[in-house]
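Taking it in order: structure first as structure tokens, then the write-up.
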Amino acid sequence: MEVVAPMAETGSVSELVRRFDELQGSVKRSKPFVIGPRKLTYGELFDRVGRLTTLYANLGLEPGDRVVIASKDDLTVITLFMSLLRNGLTAVLLNPRVTPRELRTLVEAADAKALAIDADIIAGAGLAEAVRGDASVIEIGSDAPAAGRSVLAKVTSAFRSGDAGGSRHLALLEGLAPAERMPADVPDSTAAYILFTSGTTSRPKGVEITHRNLAAQMATFVRQYGFDEHTRLLNVLPLYHADGIIQGPVLAFTAGASVIRPFPFRVDRLPELLDTVYALRVTHFVTVPSVLTLAANLGEQYFDSFVTEDFRFVVSTAAHLDESLWAGFEERFRTQIVNVYGLTETVCESHYCGPDDSTRRIGTIGKPVDCEARIVDEEGRDVSVGEIGELVLRGDNVAKGYFKMPEETAAVLRDGWFYTGDLAQVDDEGFYRIVGRKKNVIICGGLNVYPEDVTSVLRGMPGVLDAVTFAMDDDVWGERVVSCVVPEPGRTVVEQEIVERFLEIASREILPREIHILDDLPRGPAGKVIIDELKEIVNGVRRDGGGGKDGGVAEKVYALAAQNFRSPVDDLSPDSNPENTEGWTSLAHIDFLLSLETEFAVTMTPRDIMSIKTMRDVTKVVEEKLAAP
């Protein structure tokens, strides 16, 4: 593939494009890039990127144009993202499991020139009014061959000019020749990707990361972590989050390394995931604190999982890492955890606690690397050492801003400094600690949930007079989303009804883990809801057990499953499992087990947890424990 000579311009050319071309000429084509159920070599990646470059040219896409990606297939997402990056096109990564309403909101906000979306998602999304008139839609997987190979099956103009039945033509990658030329003049000011923080509001906020931002973060990662072509990085975090796509495939590619994604994460498969470390010679594991909590509870037979000749350290990201978990994990598993801090607006990270001794102190987020950090008061003045203030950052890794939202951008980017909204303090040796948050966001297992979005959905429901959403501490997930709802006078509202209506509007990921129906919300003199009093009310309901003590063991088990999976009891059967039950997610699975322990006064051992594959298994385990002397 020939690279076009750079055009004369005032800005710098993307270092990511340079790195892509450098690797294309140096790395072995047979070397694995993605290791998983379906392997992708570097040679296959370069070939597919070349064919996609031809496709983009045929569609009239030019550097800077936006392309939406929404797919459940890892290899498709990775290939598309890397091809867009190389061509200077801006990837807009969306969660493929959002509701049709959220998808339409996000697609409209993206204002994209092309969309690559799973065919089954397109079928039920009703995108006609959300897609711009000149956009092309790439249907993913609709003509996938029997072997299950990932393909980009069709390109359609069905949504142009509002014509829902327009023409479509096959554009299988196998029918496209790799491009003879690829753009080499992509300015580093070009937006590399956009990640939206929410799709439930009418104006979703999209974080815009440039090639310069991303290249700066990659350079820091490679140097700080010591990554090279021998690195084998295990990361099973979702690819529509920065910690999944950037600290996974993009980081591995930049280092000329391999990324390992053996299967989507599921609680009952955690032992398999740990076995992967030895079997696939993993060198680094990027994960979140909730997964470390689960691993620590598996038992001593797994404590040697990271004791191999190849393994270096664990990277804990996306949420607060409890100091006791941190120290205990390192002692039991005999490996180091590198605790990092950052936000979507800083690509991924700004602070690193390890792996080098100079930045490492357990209980802190370490020190800023390749960026500047300050702690300031309400007026933006530096506070003294040890005092609490807002953490502000400045560096090449700080985002350009929020897509088409100048006011929101100006609110957080002031005089070159990004105001994180996190409250922090720094000691006299330069180690930082996060002590709280100014901005209203709940972090549940590494997922950011904005309570205003949840409350907005609840307040818009028929029969609901008022609602409020807040965070409560959770030993496993760090925080859990809790909502309290007040019905309209004379109306009866039940939790299951709220859940069903919620899922018609918003994604299951932001569905509250607890919903409490109250007669009123406690308020202060100014009318503001008193959250601390609400938390006391919720804790009181928890202590009382919430009722449901009558009935047999199976009846109680199914009732708890319905509550935790947010699923009608009638939809559950003995054969229900995480694969065929939509709400049976990793988070819900843990909540379910904890609720079983509370309801039946039993303790779930690691063996019990691993044996539970179906609802039949759950009932059997509980009955055996209750029958034991």
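Under the numbering used here, the first residue of the sequence shown is numbered 578, with each subsequent residue one higher. From the three backbone atoms N, C-alpha and C, an ideal C-beta is built for every residue, glycine too.
Consult DSSP for P826 and reduce its assignment to one of helix, strand or coil.
Residue state, collapsed to three classes: helix.
For V1179, I'd like the list of residues in its chain whose CB is within less than 6 Å of its CB, leaving aside the five on either flank, ordered along the chain.
Same-chain partners within the cutoff: K1202.
Report the three-state DSSP secondary structure of N916 (helix, strand or coil).
In this structure, N916 counts as strand in the three-state DSSP scheme.
Around the Cβ of F840, are there at least 16 other Cβ atoms within 10 angstroms (buried) or fewer (exposed)?
That one is exposed.
What does the Cβ neighbour count give for P1145, buried or exposed, with the cut at 16 atoms within 10 Å?
Exposed: under 16 other Cβ atoms inside 10 Å.
Give the DSSP-derived three-state secondary structure of E679 in the structure shown.
It is helical.
Need the endpoints of the beta strand (DSSP E) that A691 sits in, please.
It spans 691-695 - the beta strand (DSSP E) in which A691 sits, taken as one unbroken run.
Could you tell me which residues DSSP pairs with F906 in its beta bridges?
According to DSSP, which records beta bridges pairwise, F906 is partnered with nothing at all.
From which residue to which residue does the beta strand (DSSP E) around I646 run?
From DSSP, the beta strand (DSSP E) with I646 extends over 643-647.
Quickly, what does DSSP pair C1021 with across the bridge? List them, please.
Answer is L1024, bridged to C1021.
Closest to E1077 by CA distance: which of D933, I1019, V714, Q1140 is it?
For E1077, the nearest C-alpha among the options comes from Q1140.
Here's a check: name, in chain order, each residue in its chain whose Cβ is nearer than 7 Å to the Cβ of A904, leaving out the five neighbours to either side.
Closer than 7 Å at Cβ, skipping near neighbours: I939.
Measuring only the C-alpha atoms, how far is D999 from V1012?
Their backbone Cα atoms lie some 8 Å apart in a straight line.
Taking Cβ positions, are I942 and N916 nearer each other than 8 Å?
Result yes, Cβ atoms of I942 and N916 sit closer than 8 Å.
Under the rule that 16 or more other beta-carbon atoms within 10 Å means buried, what is V859, buried or exposed?
Label assigned to V859: buried.
Looking at V1063: is its Cβ nearer than 8 Å to the Cβ of H1093?
Not in contact: V1063 and H1093 (Cβ atoms no closer than 8 Å).
Could you tell me which residues DSSP pairs with D1043 in its beta bridges?
BP columns for D1043 point to V1063.
Comparing alpha-carbon positions, which option in G752, S607, V813, T774 lies nearest P614?
Closest option to P614, Cα to Cα, is V813.
Grab the span of the beta strand (DSSP E) containing Q1002 for me, first residue to last.
Per DSSP, Q1002 belongs to the beta strand (DSSP E) from 994-1003.
Does DSSP put Y817 in a helix, in a strand, or in coil?
Coil, per DSSP.
For A1205, which residues from the same chain have a beta carbon less than 6 Å from its beta carbon, with the 5 sequence-adjacent residues on both sides left out?
Taken in chain order, the list of residues that qualify is empty.
Could you check what DSSP says for G1117 in three-state terms: helix, strand or coil?
Note: G1117 maps to helix in three-state DSSP.
Is DSSP giving H1166 helix, strand or coil here?
H1166 falls in the helix class under three-state DSSP.
Could you tell me if A895 is buried or exposed, where buried requires 16 or more neighbouring beta carbons within 10 angstroms of its beta carbon?
Under this definition A895 is a buried residue.
Roughly how many angstroms separate the alpha carbons of D845 and I1167, rounded to a whole number?
Whole-angstrom Cα-Cα distance: 10 Å.
If we count Cβ pairs, one from each stretch, closer than 8 Å, do we get three or more for the segment 856-873 versus the segment 1019-1038?
Yes: at least three Cβ pairs fall under 8 Å.
Which residue wins for smallest C-alpha separation from V891, given the options E964, Y802, S901, D959?
The shortest Cα separation from V891 among E964, Y802, S901, D959 belongs to Y802.
Considering only the alpha carbon of each residue, which of M659, L617, P755, E907 lies closest to A634?
Checking every option, the nearest Cα to that of A634 belongs to P755.
Report yes if the CB atom of M1187 is closer than 8 Å to the CB atom of L1170, and no otherwise.
It is not a contact, given that the beta carbons lie outside the stated cut-off.
Within 10 angstroms of the Cβ of Q878, are there 16 or more other Cβ atoms? Answer buried if so, exposed if not.
Per the 10 Å Cβ criterion, exposed.
Taking 8 Å as the threshold, find out whether the segment 923-939 comes into contact with the segment 791-801 through three or more Cβ pairs.
Yes, since at least three Cβ pairs between the segment 923-939 and the segment 791-801 fall closer than 8 Å, the two stretches touch.
For I1186, which three-state DSSP category applies?
In the structure shown, I1186 sits in a helix (DSSP, three-state: H, G or I).
If V1059 sits next to P1099, beta carbons under 8 Å apart, how far is it from one beta carbon to the other, in whole angstroms?
With a Cβ gap of about 14 Å, V1059 and P1099 do not count as contacting.
Provide the residue(s) that pair with S660 in DSSP beta bridges, ordered along the chain.
None, per the DSSP bridge assignment.
Consult DSSP for H897 and reduce its assignment to one of helix, strand or coil.
In the structure shown, H897 sits in coil (DSSP, three-state: anything other than H, G, I, E or B).
Which term fits K944, buried or exposed, when burial requires 16 or more other beta carbons within 10 angstroms of its beta carbon?
Per the 10 Å Cβ criterion, buried.
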